[in-house]
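K.L.:
Pasting a structure below so you can have a look.
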Amino acid sequence: MHVTTLFVALLGSSTTLAAVYRVGNTCTVTPGGAAAAAARRRSLPHVVESGADMAHGNPVAAETTTTGSLDSLPTATPVVLNEVYPRPEPGSNEARHYNRDEAASSALKAAASAARVAALSRAARARTAKPSANTATNRVGARDTDALAGSADEDESDAGTADDTPQILDAFKQCGHDGHIVFTEGTYNIRQVINTTDLRNCDIDILGTFVWSADNLQYWIQHSFPVVYAGRSTAWLLGGTNVSMRGHGKALFNGNGQVWIDTNRGGSNMNGRPISLTVWHGTNIFIDGITWRMAQFWHTFVAHSQNVTMTNLDMDTHSSNSNSAVNTDGFDSWNSKDIVLSNWTVKCGDDCISVKGNSTNVHVSNVVCYESGCACIGSIGSNAGQPDYVDNIWFENVTCHHSSNAAWIKTYSGTGHVKNVTFKDIVVDNVDQPIYVTPCIYSANGCDSSRLRISDVTWKNVTGTSRYNVAVGIHCSAASPCTGFHFEDVDIKPAAGGTAKVLCSNIQGQADTGLQCTGTCPANWPQQLRGNR
1 MHVTTLFVAL LGSSTTLAAV YRVGNTCTVT PGGAAAAAAR RRSLPHVVES GADMAHGNPV
61 AAETTTTGSL DSLPTATPVV LNEVYPRPEP GSNEARHYNR DEAASSALKA AASAARVAAL
121 SRAARARTAK PSANTATNRV GARDTDALAG SADEDESDAG TADDTPQILD AFKQCGHDGH
181 IVFTEGTYNI RQVINTTDLR NCDIDILGTF VWSADNLQYW IQHSFPVVYA GRSTAWLLGG
241 TNVSMRGHGK ALFNGNGQVW IDTNRGGSNM NGRPISLTVW HGTNIFIDGI TWRMAQFWHT
301 FVAHSQNVTM TNLDMDTHSS NSNSAVNTDG FDSWNSKDIV LSNWTVKCGD DCISVKGNST
361 NVHVSNVVCY ESGCACIGSI GSNAGQPDYV DNIWFENVTC HHSSNAAWIK TYSGTGHVKN
421 VTFKDIVVDN VDQPIYVTPC IYSANGCDSS RLRISDVTWK NVTGTSRYNV AVGIHCSAAS
481 PCTGFHFEDV DIKPAAGGTA KVLCSNIQGQ ADTGLQCTGT CPANWPQQLR GNR
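The numbering of the sequence shown is full-length UniProt numbering, which starts it at 1 and goes up by one.
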């Protein structure tokens with residue numbers, strides 16, 4: 001079996017960039033820098049252990065040459081899936097994924113094993129030719145966390161100039177169709193945008209750290225891909241059909257967000273500030289086991305996609321100074337359907353989970369949000385000429401710590417509707433204003449003339465404490481009152497003691513909702529409370 005490798009060295013420098021090994025339909029990417037050899041030695045055995053649970057292609061166990069063209073891929077026998085990534089109805093709590101094909105998985109493990117043998121052989125020859133100045137980097141049995149942490153004694157790469165983007169793109173080009181891509185442990189420096197929207201039957205395993213550059217902000221501002229919604233843009237477009245991206249709890253995405261926060265200086269929606277990862281025109285997408293630290297803008301965005309599952313994600317973007325970490329949402333959806341989010345932990349300076357316009361069948365469960373907007377519908381209805389419809393949304397087992405809001409709906413006075421939304425088993429911990437509904441977010445204009453209808457919304461078992469003395473603030477449009485509201489077992493108490501206020505306006509059938517209102521909610525009632533009212 002022949003293994004084609006690609007090494008790129010910086011001219012006049014000892015810094016080595018990432019390398020791509022290909023065996024059959026498996027591309028193994030190793031990081032550059034002085035830690036590369038050690039990272040390969042530690043990571044490749046783990047690739048064999050973890051394998052590819054959702055394999056789609058059979059590598060050809062014959063001599064293979066690689067030109068970098070998809071046309072040169074060896075012929076693969078596709079795995080026929082017994083069920084095409086089915087999604088549960090909201091509330092069914094049955095998130096199912098691809099069936100595991102043991103034969104294909106074993107074949108990919110064998111290919112990874114062959115890549116490991118070839119890599120270790122090459123590394124041995126390299127050490128014989130030129131002994132390493134730092135033998136610690138080549139030690140066997142080193143802790144798995146060393147490469148992930150990027151310890152100073154191992155990583156001598158110049159993060160300011162090194163760019164592993166070309167090798168990352170090459171791996172997707174070679175193995176993005178009916179293939180398997182493995183990023184081994186270590187640090188990958190990303191200085192350019194990534195477009196991987198044509199993937200097909202592709203499994204991606206990431207065991208290393210992706211670091212997005214922050215010394216070239218003008219590049220990102222000028223070259224990030226537009227995603228249409230509200231003028232937003234993104235650093236990475238991920239799409240295609242039948243795609244899995246798994247981090248195995250080791251993948252770390254570092255967006256160097258503090259630089260963006262400081263440049264933004266508390267402003268809102270800075271042009272060109274890129275979303276970290278956007279699922280774009282994707283079908284049957286599975287993302288699991290990835291950690292984000294200091295995202296550039298929103299952590300994730302799902303747009304024009306269907307059948308998307310994102311599980312076991314950990315996000316933390318906050319400001320280390322007085323500049324606000326605004327627009328660092330954990331998740332936003334738009335023009336998408338059949339989405340499952342489960343087992344997330346998010347700390348951010350904006351909405352934790354935000355379901356935006358034309359999103360249908362979204363199931364969110366087991367999420368913990370810190371210092372955020374927690375579970376949110378909206379905002380929607382900002383463009384009167386483009387109706388926004390949100391249907392069948394289910395939030396369940398969501399905990400909101402020290403957040404601005406918890407279970408809430410925000411719209412502009414445009415056109416469309418919000419229908420069939422459930423907030424169930426929501427725990428609020430010192431939340432400014434836990435339940436909030438407005439037809440005119442950020443402005444008093446059109447609050448009582450809006451025709452965007454909000455209906456069939458349930459709050460069930462919402463318990464905990466509010467920071468101030470208002471637990472509920474709901475103002476529906478007088479021109480289109482809210483209908484079908486239902487409250488059950490809502491028990492929110494001010495953290496400082498006393499009785500919480502429940503303020504309501506223009507809820508049709510108020511007496512039958514199960515909510516005992518204590519006063520009216522004016523049209524200009526704010527989203528952000530700053531004290532007792």
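Heads up, the beta-carbon is just placed ideally off N, CA and C, and yes, glycines get one too. It should be emphasised that the depicted structure is a prediction, and the values quoted were computed from it without experimental measurement.
1. In terms of residue numbering, what span does the alpha helix (DSSP H) encompassing residue 386 cover?
2. For residue 202, which residues in the same chain have their Cβ closer than 6 Å to its Cβ, ignoring the five residues on either side in sequence?
3. Whole angstroms are fine: how far does the CA of residue 208 sit from the CA of residue 19?
4. Whether or not the region 25-33 and the region 182-200 are in contact is what I'm after, with contact meaning three or more pairs of Cβ atoms, one per stretch, closer than 8 Å; do they touch?
5. State the Cα-Cα distance for the pair residue 321 and residue 258, rounded to the nearest angstrom.
6. In this structure, how does DSSP classify residue 90 when only helix, strand and coil are distinguished?
7. Taking residue 448 as the reference, give the member of 241, 225, 431 and 479 with the closest Cα.
8. Which residue wins for smallest C-alpha separation from residue 475, given the options 446, 404, 461 and 500?
9. Using CA atoms only, rank isn't needed, just tell me which of 228, 486, 193 and 16 is closest to residue 216.
10. Which complete beta strand (DSSP E) runs does the region 154-210 hold, if anything under 3 residues is left out?
11. Classify residue 360: buried if its beta carbon has 16 or more other beta carbons within 10 angstroms, exposed otherwise.
12. Note down, in chain order, each residue of its chain lying with its Cβ closer than 6 Å to the Cβ of residue 364, except the 5 sequence neighbours on either side.
13. Determine which residues share a DSSP beta bridge with residue 416 and list them.
14. Under the three-state reduction of DSSP, which class applies to residue 282: helix, strand or coil?
15. Can you tell which of 344, 251 and 197 has its C-alpha closest to the C-alpha of residue 234?
16. Out of curiosity, what's the CA-to-CA distance linking residue 488 and residue 339?
17. Could you pull out every residue in the same chain whose Cβ sits closer than 6 Å to the Cβ of residue 195, ignoring the five residues on either side in sequence?
18. Look up residue 441 in the DSSP assignment and say whether it is helix, strand or coil.
19. Could you give the first and the last residue of the continuous beta strand (DSSP E) run that contains residue 316?
20. Measure the C-alpha to C-alpha separation of residue 327 and residue 296 and round it to an integer number of angstroms.
21. What residue does the alpha helix (DSSP H) around residue 448 start on, and which one ends it?
22. For residue 378, which option in 345, 509 and 331 has the closest C-alpha, if you only look at C-alpha atoms?
23. Let me know if residue 519 comes out buried or exposed under the rule of 16 or more other beta-carbons within 10 Å of its beta-carbon.
24. Am I right that residue 470 and residue 493 are in contact with their C-beta atoms under 8 Å? What's the rounded C-beta distance?
25. Would you give the residue range spanned by the beta strand (DSSP E) that residue 241 belongs to?
26. Which residues in the same chain as residue 70 place their Cβ atom closer than 8 Å to its Cβ, once the five residues preceding and following it in sequence are excluded?
27. Grab the span of the alpha helix (DSSP H) containing residue 257 for me, first residue to last.
28. Buried or exposed: residue 162, going by 16 or more other Cβ atoms within 10 Å of its Cβ?
29. Should residue 274 go down as buried or exposed, given a rule of 16 or more other Cβ atoms within 10 Å for buried?
30. Could you tell me the alpha carbon to alpha carbon distance between residue 451 and residue 415, rounded to whole angstroms?
31. Buried or exposed: where does residue 522 fall if 16 or more other Cβ atoms within 10 Å of its Cβ makes it buried?
32. Please name the residue, chosen from 164, 419, 524 and 292, that lies closest to residue 250 on a Cα-to-Cα basis.
33. Going by beta-carbon coordinates alone, are residue 419 and residue 456 separated by less than 7 Å?
34. Ignore the nearest five residues each way along the sequence and tell me which others in residue 164's own chain have a CB closer than 6 Å to its CB.
35. Do you know how far the Cα of residue 465 is from the Cα of residue 440?
36. Would you mind working out which of 482, 434 and 454 sits nearest residue 462, comparing C-alpha positions?
P.N.:
Checking against the coordinates, here is how it stands:
1. Residue 386 -> no alpha helix (DSSP H), and no H or E assigned at all.
2. 176, 179 and 243
3. 14 Å
4. yes
5. 9 Å
6. In this prediction, residue 90 has a pLDDT of 38, which is less than 50 and means its spatial position is unreliable; what the coordinates show is noted afterwards. Correct three-state label for residue 90: coil.
7. 479
8. 446
9. 193
10. 177-183, 187-190 and 194-206
11. buried
12. 341, 353 and 395
13. 388
14. strand
15. 197
16. 26 Å
17. 237
18. coil
19. 306-316
20. 9 Å
21. Note, residue 448: premise wrong, no alpha helix (DSSP H); not H, not E.
22. 331
23. exposed
24. That pair is no contact at about 12 Å.
25. 236-254
26. The pLDDT assigned to residue 70 is 27, lower than 50, so where the model puts this residue is not dependable, and the model offers no usable value.
27. 257-264
28. buried
29. buried
30. 6 Å
31. exposed
32. 292
33. yes
34. 17, 18, 188 and 189
35. 26 Å
36. 434
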